[in-house]
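To keep things clear, I will list the structure first and then write my remarks on it.
In UniProt numbering, the protein residues as written are 1 to 191.
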């Protein structure tokens with residue numbers, strides 16, 4: 001046995017091994033309790049489940065965003081303000097984004113071709129919202145009308161089919177719709 005010099009703490013190998021054996025289960029128990037607490041409370045930040053409307057997340061240059069005005073004030077999620085809670089959240093089951101669903105061809109000469117952007121308005125009805133964009137470099141979003149009704153408002157218009165005539169606001173002319181074919185539904189059977 002060796003003696004420790006005065007003023008120095010000496011730990012033997014067996015003592016060190018015993019301390020190690022006691023510390024490992026204690027650390028494991030503390031870690032396990034902390035993980036259970038996090039799972040019960042739902043995470044560290046309870047505000048992560050707040051729904052922020054997609055209209056505030058896309059930029060103004062996004063061609064799939066409809067040509068609508070938005071004069072509402074928006075308080076970001078990290079403002080810690082009571083007014084940051086979203087209001088007027090859609091109660092409908094579908095909140096899809098716009099996608100190109102077809103093209104519009106000018107009625108007379110057919111040399112002007114415009115994209116037709118659309119999205120379904122309701123899941124249980126055949127109502128859609130549509131708009132188009134001009135064929136110039138600046139790509140301005142143009143409201144369209146079908147059967148005398150605006151297709152950009154909150155009520156939308158009836159679903160368009162091939163050969164339907166649509167009035168485009170920026171051109172003050174009638175265009176003929178050509179709709180893209182729908183992709184059939186597919187699924188992965190082993191999930």
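We put the CB at the ideal spot given by N, CA and C, even for glycine.
Nothing here was measured: the structure is a model prediction, and the numbers come from that model.
Residue i versus residue j: straight-line alpha-carbon distance, rounded
i: residue 28; j: residue 16; result: 19 Å
i: residue 143; j: residue 175; result: 13 Å
i: residue 32; j: residue 13; result: 29 Å
i: residue 146; j: residue 166; result: 5 Å
i: residue 132; j: residue 181; result: 18 Å
i: residue 137; j: residue 125; result: 35 Å
i: residue 35; j: residue 26; result: 14 Å
i: residue 30; j: residue 6; result: 36 Å
i: residue 154; j: residue 37; result: 45 Å
i: residue 18; j: residue 24; result: 10 Å
i: residue 22; j: residue 11; result: 15 Å
i: residue 135; j: residue 150; result: 21 Å
Counted within 10 angstroms of its Cβ, other Cβ atoms place residue i as buried (16 or more) or exposed
i: residue 130; result: buried
i: residue 141; result: buried
i: residue 4; result: exposed
i: residue 104; result: buried
i: residue 168; result: buried
From the options, residue whose alpha carbon lies closest to that of residue i
i: residue 108; options: 171, 19 and 6; result: 171
i: residue 98; options: 33, 164 and 121; result: 121
i: residue 164; options: 182, 8 and 102; result: 102
CB contact flag (residue i, residue j, <8 Å)
i: residue 179; j: residue 161; result: yes
i: residue 116; j: residue 177; result: yes
i: residue 127; j: residue 148; result: no
i: residue 96; j: residue 119; result: yes
Residues of its chain near residue i, where Cβ-Cβ distance is below 6 Å and the 5 sequence neighbours each way are ignored
i: residue 100; result: 115 and 117
i: residue 20; result: none
Spatial neighbours of residue i in its chain, beta-carbon cut-off 7 Å, leaving aside the 5 residues before and after
i: residue 106; result: 112, 173 and 175
Close Cβ partners of residue i (< 8 Å) along its chain, the five nearest in sequence each way excluded
i: residue 9; result: none
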